[in-house]
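Protein chains in written order, with the working numbering: chain A, 1 to 522; chain C, 523 to 642.
Glycine included, every Cβ here is placed at the ideal spot set by N, Cα and C.
In this text the structure is predicted, and so the values were computed from the model without any measurement.
Encoded as structure tokens, the structure appears first; notes follow it.
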């Protein structure tokens, strides 16, 4: 038995951007269903983190200065108008969570709004979305999009994990809020961030943009990914107790490269004894998840040396994602929107990580913008009866050849290795990209030719396919950008090339294509 | 990875089954059951949402540790978050210090690095 539902706006995903979109769409008068793979409130990387938001008072010169600084960081690929919009929306809407989120003191008699703790933030967004009238379906992963005879995206099909039943939701508009792709690196909170929405959109013909800008990295104890607050002042040692020559964190790529190369040889130990004194008594109040992996191992975080690992952050702190066709977050597929980390964040982050503040402001703002726009588009189409629609997913659903068992775990490992392997990722060149591309093309052929499953197994198989597709777009985009810019570093093209200061799209599933683009909309 | 649900403490409300973002747990007759341990990402959300302090997540995210001793740690995650308090006003007053402390640590490392360069 399939569960059948109908709504105006279907939001796929349950993180920050989904929350803000659900609130905006419901406030605009639309019926809203949020279908999340996990539980809206704990799903995704926000709940375990502590997002700061880009936060500048509405003063003309302050905002202009902030936008000028951010445009310089974006290295030619940002858009000042988009930056101004997200500053405005974030300033206006973040405080609206006050009935559900216990904003703290700013230490000067006012309220501190810009930084929020993830578990309380996501709990608040859930409460606010429910209060606004959205219906939330937890543990309802989407599998494929539906398309009607007019070529409009008309909803999605998925599987309800607890009920062990398939679902089909018909909607007037659909918003992809499925987050970025962490390539199963083990980064805390990212197990569900497998790029599912990007695979679904690509099957509808949507391109991606900015996929070459990454990866970035998060340092943690080798046995558990945690938040990184205590590490900025760390001293690093090799297993023999000799201090390693690691450029400080401000050095960016050089810092990560030195750590990654040292980790190839032998375990790297961190010593946090020089972390700020003021941090010690309050760490567990600011980041309550951080001490647990130490206390439960009997390790004193600020005294003992312990092994560390760099966890790749995939596209989450990169800037790549689904290409947007207009300023209301529509994609090129009619009826389909993309927001948050599922979408490209180049408009506001350009070639550099929007990590933390800018990406959070983007998630909030793109959610608000798309939520309202999808609601209006849906309400204008409410009178039409739903036209017949069919699923447009292919990989894992209709294999080209005979069905064969797929070893998903081996595929995850290979994808994580190709995207995040320390041996090649810090010194990429043409040959290294070509080798990785061949490996990944082989995995894709295997999946497209032989992968087939149903129910919860199909959810897993589609995740596997999305990981491989995301890795292929990432590496094809990086190979095509023959320069270094922002988060994109190449050993064979170590400098930025002024003639390449434009965005670049990547598209396709069986064959991957890249094409340069100029800014289409201001 | 999630290691134990303490039978004596669990009231079988199944909140952990609901909130787990990776659907590790199934409902069970006395307590929920750890049904898909390989999907556990060691995020501690089940502990945070358990108002009976009945769940213990062992610290290794790559290997199950069924024998780890939970007693000293039950409820710590929830108390550190302030979720055991009836009124959460003011419990995030230190949160504004996160950004400045990140910056201070980075400055410490940068100064140390500069000093070492000069001494070479």
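Would residue 555(C) pass as an interface residue toward chain A - the criterion being a Cβ-Cβ separation below 9 angstroms? Stepping through the second chain from its first residue, residue 555(C) is reached at position 33. With 9 angstroms as the cut-off, residue 555(C) does not count as an interface residue toward chain A.
Segment limits, alpha helix (DSSP H) that includes residue 281(A): On the first chain, position 281 is the one that residue 281(A) refers to. No alpha helix (DSSP H) holds residue 281(A); DSSP gives it neither H nor E.
Determine whether the beta carbon atoms of residue 9(A) and residue 50(A) lie at a separation below 9 angstroms. On the first chain, residue 9(A) is found 9 positions in, with the first residue counted as 1. On the first chain, residue 50(A) is found 50 positions in, with the first residue counted as 1. No, these two residues do not count as a Cβ contact at 9 angstroms.
Along the chain, where does the beta strand (DSSP E) that runs through residue 7(A) open and close? Numbered from its first residue, the first chain carries residue 7(A) at position 7. That run of the beta strand (DSSP E) goes 2 to 12.
Do you know whose CA, among 31(A), 230(A), 417(A), 70(A), lies nearest residue 435(A)'s CA? By 1-based counting over the first chain, the position of residue 435(A) is 435. Nearest of 31(A), 230(A), 417(A), 70(A) to residue 435(A), Cα basis: 417(A).
What residue range is occupied by the uninterrupted alpha helix (DSSP H) comprising residue 30(A)? Within the first chain, residue 30(A) is the residue found at index 30, counting from 1. First-last for residue 30(A): undefined, no H or E at that position.
Beta-carbon proximity of residue 385(A) to residue 169(A), cut-off 9 angstroms: Within the first chain, residue 385(A) is the residue found at index 385, counting from 1. Within the first chain, residue 169(A) is the residue found at index 169, counting from 1. Going by C-beta atoms, residue 385(A) is not nearer than 9 angstroms to residue 169(A).
Enumerated in chain order, which unbroken segments of the alpha helix (DSSP H) with a length of 4 residues or greater are wholly contained in the stretch 309 to 340 of chain A? none
I need the straight-line Cα distance from residue 522(A) to residue 538(C), nearest angstrom please. Looking up residue 522(A) in the first chain gives position 522. Looking up residue 538(C) in the second chain gives position 16. At residue 522(A), the pLDDT of 32 sits below 50, so the modelled position is not reliable; the number obtained from the coordinates is stated separately. About 46 angstroms.
Between which two residues does the beta strand (DSSP E) containing residue 166(A) stretch? As a working mapping, residue 166(A) is identified with position 166 in the first chain. Residues 165 to 176.
Looking at the structure shown, is residue 522(A) part of a helix, part of a strand, or coil, going by DSSP? By one-based count along the first chain, residue 522(A) stands at place 522. Interpretation of residue 522(A) is limited by its pLDDT of 32, a score under 50 that renders its predicted location unreliable; the figure taken from the coordinates is listed afterwards. Reduced to three states, the DSSP call for residue 522(A) is coil.
Can you grab the Cα-Cα spacing for the pair residue 22(A) / residue 330(A), in whole Å? By one-based count along the first chain, residue 22(A) stands at place 22. By one-based count along the first chain, residue 330(A) stands at place 330. The straight-line gap from Cα to Cα measures roughly 16 angstroms.
C-beta atoms of residue 138(A) and residue 15(A) nearer than 9 angstroms: Position 138 of the first chain holds residue 138(A). Position 15 of the first chain holds residue 15(A). Cβ atoms of residue 138(A) and residue 15(A): not closer than 9 angstroms.
Terminal residues of the beta strand (DSSP E) in which residue 361(A) lies: Reading the first chain from its first residue, position 361 is the one you call residue 361(A). No beta strand (DSSP E) holds residue 361(A); the alpha helix (DSSP H) holding it covers 357 to 380.
Mind listing which residues of the stretch 612 to 625 of chain C have their C-beta closer than 8 angstroms to chain A's C-betas, in chain order? 612, 613, 614, 615, 616, 617, 618, 619, 620, 621, 623, 624, 625
Would the beta-carbon of residue 379(A) be found less than 8 angstroms away from any heavy atom of the ligand GTP? The ligand content of the structure shown is nil, which means the ligand GTP is not present either.
Where residue 121(A) and residue 75(A) are concerned, what is the direct C-alpha to C-alpha distance, given to the nearest angstrom? If you number the first chain from 1, residue 121(A) lands on position 121. If you number the first chain from 1, residue 75(A) lands on position 75. Those two C-alpha atoms are separated by around 31 angstroms.
Which residue from 559(C), 551(C), 617(C) puts its Cα closest to that of residue 583(C)? Indexing the second chain from 1 puts residue 583(C) at position 61. Measuring from the Cα of residue 583(C), the nearest candidate turns out to be 559(C).
Would residue 44(A) pass as a contact of residue 189(A) if the rule is Cβ separation under 9 angstroms? Taking the first residue of the first chain as position 1, residue 44(A) is located at position 44. Taking the first residue of the first chain as position 1, residue 189(A) is located at position 189. Taking 9 angstroms as the Cβ cut-off, residue 44(A) and residue 189(A) qualify as a contacting pair.
Beta carbon of residue 119(A) nearer than 9 angstroms to that of residue 603(C): What you label residue 119(A) is simply residue 119 of the first chain in a count that begins at 1. What you label residue 603(C) is simply residue 81 of the second chain in a count that begins at 1. Cβ atoms of residue 119(A) and residue 603(C): closer than 9 angstroms.
Out of 183(A), 242(A), 126(A), 48(A), point me to the one whose CA is closest to residue 193(A)'s CA. Within the first chain, residue 193(A) is the residue found at index 193, counting from 1. Among 183(A), 242(A), 126(A), 48(A), the Cα nearest to that of residue 193(A) belongs to 183(A).
Quick one: what's got a C-beta closer than 6 angstroms to residue 411(A)'s C-beta in the same chain, skipping five residues either side? Within the first chain, numbered from 1, the residue matching residue 411(A) stands at position 411. So the list reads 443, 464, once near-sequence residues are dropped.
Closer than 9 angstroms at the beta carbon, the chain C residues around residue 191(A): The residue labelled residue 191(A) in the question sits at position 191 within the first chain. Residues of chain C passing the Cβ test: 543, 544, 561, 562, 563, 565.
Cβ separation of residue 187(A) and residue 225(A), assumed to be a contact under 8 angstroms, to the nearest whole Å: Sequence index remark: in the first chain, residue 187(A) carries index 187 (1-based). Sequence index remark: in the first chain, residue 225(A) carries index 225 (1-based). Contact flag correct, Cβ pair sits at about 5 angstroms.
Going by DSSP, name the residue or residues bridged to residue 194(A). Locating residue 194(A) in the first chain gives position 194, counting from the first residue. For residue 194(A), DSSP records a beta bridge to 181(A).
What does the alpha-carbon distance come out to for the pair residue 129(A) and residue 371(A)? As a position in the first chain, residue 129(A) is number 129, starting the count at 1. As a position in the first chain, residue 371(A) is number 371, starting the count at 1. Whole-angstrom Cα-Cα distance: 12 angstroms.
Please list, in chain order, all residues of the same chain as residue 211(A) whose beta carbon is under 6 angstroms from its beta carbon, the five residues on each side excluded. Within the first chain, numbered from 1, the residue matching residue 211(A) stands at position 211. Within the same chain, residue 211(A) has close Cβ partners 320, 473, 474, 477, 506.
Check whether the Cβ of residue 385(A) lies closer than 9 angstroms to any Cβ atom in chain C. Taking the first chain and counting its residues from 1, the one referred to as residue 385(A) is at position 385. By this cut-off, residue 385(A) is not an interface position.
Residue 619(C) and residue 357(A) - do their beta-carbons sit closer together than 9 angstroms? Taking the first chain and counting its residues from 1, one reaches residue 357(A) at position 357. Taking the second chain and counting its residues from 1, one reaches residue 619(C) at position 97. Their beta carbons are not under 9 angstroms apart, which means residue 357(A) does not touch residue 619(C) by this criterion.
CA-CA distance, residue 398(A) and residue 171(A)? Within the first chain, residue 398(A) is the residue found at index 398, counting from 1. Within the first chain, residue 171(A) is the residue found at index 171, counting from 1. So the alpha carbons of these two residues sit roughly 24 angstroms apart.
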